[in-house]
Amino acid sequence: MATFLYRIGRFSFRRRWLVLGVWVLLLALAGGGAAAYAGKTSNEFSIPGTEAQQAIDQLSERFPQANAGGASARVVFAAPDGTTVADPAVQSAIAQVVTELKAAPQVASVMDPYTAKSISPDGRYAFAQVTYGVQGMALTEADREALTHAAQTGRDAGLAVEVGGDALRANPETGIVEVLGIAIAAIVLIVTLGSLIAAGLPLLTALVGIGVGLSGIAISARYFDVNSNSLILALMLGLAVGIDYALFIVSRFRHELAIRAHANGRSARENGAEAAGHAVGTAGSAVVFAGLTVIIALAALSVVGIPLLQSLGLAAAATVAVAVLVAITLLPALLGFTGNRLAKGRLFGRSTPDPESDSGPVPMGERWARLVVRFRVPALILAVAGLGVIAIPASDLRLGLPDDGMQSTSTTQRKAYDMLTAGFGPGFNGPLMVVAELPQGTNPETAVGQVTAAVTALPNVAYAAPSGVSPDGRTALVTVIPKTGPNDPATKDLVTAIRGQQDEIQAATGATVAVTGQTALAIDVSDRLDEALVPYLAVVVGLAFLLLMLVFRSILVPLKATLGFLLSVAATFGAVVAVFQWGWLGDVFGVQETGPIMSMLPVLLIGILFGLAMDYQVFLVTRMREDFVHGAPAKAAVVTGFRHGARVVTAAAIIMISVFGGFVFSGETLIQSIGFALAFGVLVDAFVVRMTIVPAVMSLLGNAAWWLPRWLQKVLPNVDVEGEKLRTAEAEPAERELVGAAR
């Protein structure tokens, strides 16, 4: 592996114009293709094969007039104090709003609250249901402005008018906070590398990588279902790993260039080509294997069986793959244009140390490693205990699907949600829909009445009423309003109770019933994730373990890496619950409302964080492995590995935390929670697990850390990540030169 990548790095450096031209052409083609052929992303959420999804599909097929696939909005009215919606002036104002809504673009239908009897028992509240002919992502800003303008018309008439539903949800966009994350990354790069040129290269290559990656995703949306959040996640991960991967190679290039600066008989260009080849052959090997680990973890999300996770995982995996290719080809080509100017960095007129140099003052990373190795048992106990304490809130983890009740209290969606709760009860914001498939020849009214009576008799039902029968008389819909909200445990119990009555209802009426709605979807998502978690972990951990065993030629090092990850993810779950569910430090992180954690966040977090955690494991321990293979004692290799790698790994972690942290303030619930979880997870994994637990355990294990059974040594191919063959190949010409000089 090291020899192959060495050749790629050397070729890219020497043929830099050719490589640069290929990437510029690829970027232009990808960007042009995205501009001309980009498809539309979707916010559609489905979980094929579950009862809730089957019921939704059935409704869409049998009740086409309901346009189940289109976006919807609820325009909620509240009459002024001392009046009701029955007052003529209020009726006139509402009628004016309804008329304006019917004339709005893309609107398929509007249910007048007086015709549909959508009026609260006390007469103070009413709502108009608006259905669009297209999905929410297809609505333009003008369509949304028409909706909000109609609401403003009602406000101008003296009513309280708010709008809820998915019609107001626009595509998530990047903003100033994401740019701030990139700015912090730039500052860290400048301080670490001591050069504007050296710091600019990782940023430039990362931007090229995400440009190609995001363009490819945009084009694929024309042919496949791509969730709108996929672009944001791909941007998030593409920036983070793109900068980190380039940082490791640039840092190693500077080191290799510095030790060749005074090589006899070689030109500066030849020294640069050799330095680029060795940087890509060693640090690039770590980049390739780290990238493969991330790609495996993300692509394996496809086994879960939820299209949203598959879309997120594959889009992000593709962008990471592009980042790896950019790092090992375009980056060494760009290094070819810098000459020897990166051998020593100068920051504000002062020289900055080579982060991988063996000379000069003892760096902080080495001093920290010596401290941990000296007090390895107390350090290990304190680190594990600290993570255990942080993980305690995870025991209260509650999962659910986000709704308007989790929006900020200042938004119109949240105000509409609260008005519906005040007028119709908390269960009105999460109605359950019972879809009854009636046998042929059955009287629909009689069968639907029996189904409604059976459901009404269950606990926690505010009321249940028939909502319609399909034109062929074979399918009926019963709307059930619980007494509690959609994320309340009592509502989940009601879904379970209705499903428990399915056999009895079928025996009495012959009807086959299914339950759907937000709460039912949340239950089915949780069940699907529970079923898929074990095979998902088996695929991810199994493949990653084999990959790490190839890299380190050890059994205990991959095992330790996996156990360290479990500590990181447990602590991260604890922090997520504390902030997003309990509200601790919510103001600091921009969390407006607390509530259940997004159902898919745990498995998504496990997939992404596992890959990123293995990044730092590979980058840090590879340097230990390199020194150990080249003759250093096991404990000394831990310290020297930190001397070479700690500064760069620390910078890489800060960069990832900065990029991820910027998305905490995005305002999109899913992206916000993912950004926080990844930022905190990287913080814990890099600075507690990899920087403290890893050196403590490695020093306790000693030589045993690198033990591998003889039979396995013969079976496993030697991928030479540490570059042993490169050192041997470089030493032979040097020896021949010395012999010739002696003669």
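When we follow this note's numbering, the leftmost residue of the sequence shown carries the number 223, and every step to the right adds one.
For each residue, glycine too, the CB sits at the ideal point set by N, CA and C.
Expressed to the nearest angstrom, what Euclidean distance is found between the alpha-carbon atoms of residue i and residue j?
i: residue 786; j: residue 874; result: 19 Å
i: residue 224; j: residue 940; result: 10 Å
i: residue 258; j: residue 893; result: 28 Å
i: residue 654; j: residue 814; result: 27 Å
i: residue 709; j: residue 818; result: 7 Å
i: residue 305; j: residue 346; result: 7 Å
i: residue 591; j: residue 711; result: 48 Å
i: residue 453; j: residue 531; result: 13 Å
i: residue 553; j: residue 424; result: 8 Å
i: residue 426; j: residue 611; result: 40 Å
i: residue 273; j: residue 246; result: 49 Å
i: residue 480; j: residue 420; result: 14 Å
i: residue 264; j: residue 527; result: 18 Å
i: residue 314; j: residue 308; result: 10 Å
i: residue 900; j: residue 312; result: 50 Å
i: residue 755; j: residue 826; result: 11 Å
i: residue 777; j: residue 937; result: 14 Å
i: residue 697; j: residue 728; result: 14 Å
i: residue 366; j: residue 389; result: 7 Å
i: residue 659; j: residue 730; result: 13 Å
i: residue 794; j: residue 613; result: 7 Å
Starting from residue i, trace the alpha helix (DSSP H) both ways and give me its first and last residue.
i: residue 771; result: 740 to 774
i: residue 595; result: 586 to 596
i: residue 875; result: 856 to 884
i: residue 932; result: 932 to 937
i: residue 630; result: It is not in any alpha helix (DSSP H) - residue 630 carries neither H nor E in the DSSP assignment.
i: residue 356; result: Residue 356 -> no alpha helix (DSSP H), and no H or E assigned at all.
i: residue 495; result: 490 to 521
i: residue 422; result: 418 to 442
Report all residues from its chain with a CB closer than 7 Å to the CB of residue i; omit the five preceding and five following residues, and keep chain order.
i: residue 536; result: 521, 524
i: residue 789; result: 606, 609, 911
i: residue 360; result: 262
i: residue 637; result: 384
i: residue 368; result: 326, 327
i: residue 769; result: 511, 514, 515
i: residue 260; result: 440, 441, 443, 444
i: residue 538; result: 455, 456, 459, 520
i: residue 586; result: none
In terms of residues, what are the limits of the beta strand (DSSP E) holding residue i?
i: residue 688; result: 683 to 691
i: residue 703; result: 697 to 704
i: residue 331; result: 329 to 333
i: residue 654; result: 654 to 659
i: residue 294; result: 294 to 300
i: residue 273; result: Not the beta strand (DSSP E): residue 273 falls in the alpha helix (DSSP H), residues 273 to 284.
i: residue 255; result: Element bounds for residue 255: not the beta strand (DSSP E) but the alpha helix (DSSP H), 238 to 259.
Give me, in chain order, the residues of the same chain whose beta-carbon lies closer than 8 Å to that of residue i; leave out the 5 immediate sequence neighbours on both sides.
i: residue 683; result: 677, 702, 703, 704, 705, 716
i: residue 805; result: 813, 816
i: residue 332; result: 320, 323, 324, 350, 351, 352, 353
If I measure Cβ to Cβ from residue i and keep anything under 6 Å in the same chain, skipping five residues before and after, which residues do I get?
i: residue 908; result: 838, 875
i: residue 334; result: 320
i: residue 695; result: 666
i: residue 277; result: 657, 736, 738
i: residue 387; result: 294, 295, 296
i: residue 661; result: 732
Using a Cβ-Cβ cut-off of 7 Å, state whether residue i counts as contacting chain D.
i: residue 738; result: The chain labelled as chain D is not found in the depicted structure, where only one protein chain is given.
For the putative contact between residue i and residue j, defined by C-beta atoms under 8 Å, what is the C-beta separation to the nearest angstrom?
i: residue 884; j: residue 403; result: 3 Å
i: residue 473; j: residue 415; result: 7 Å
i: residue 296; j: residue 349; result: 5 Å
i: residue 471; j: residue 549; result: 6 Å
i: residue 878; j: residue 466; result: 6 Å
i: residue 690; j: residue 699; result: 5 Å
i: residue 652; j: residue 713; result: 6 Å
Following a CB-centred definition, is residue i positioned closer than 6 Å to any heavy atom of the ligand SAH?
i: residue 332; result: Annotation note on the ligand SAH: not contained in the displayed structure, which lists no ligands.
Are the stretch 425 to 434 and the stretch 511 to 520 touching by the rule of at least three beta carbon pairs closer than 8 Å? no
Contact between the stretch 622 to 632 and the stretch 590 to 606 is defined here as three or more beta-carbon pairs at a separation below 8 Å; is this criterion met? no
Could you tell me whether the stretch 545 to 552 touches the stretch 774 to 783, using the rule of 3 or more Cβ pairs below 8 Å? no
Three CB pairs or more closer than 8 Å across the stretch 759 to 768 and the stretch 898 to 910: no
Touching or not, the stretch 406 to 423 and the stretch 341 to 356, by the rule of three or more beta carbon pairs under 8 Å? no
Pairs of beta-carbons, one from the stretch 491 to 511 and one from the stretch 839 to 857, closer than 8 Å: are there three or more? yes
I want to know whether the stretch 371 to 386 touches the stretch 635 to 649 - three or more CB-CB distances under 8 Å. yes
Using a Cβ distance threshold of 8 Å, determine whether the stretch 859 to 873 contacts the stretch 489 to 504, with at least three qualifying pairs required. no
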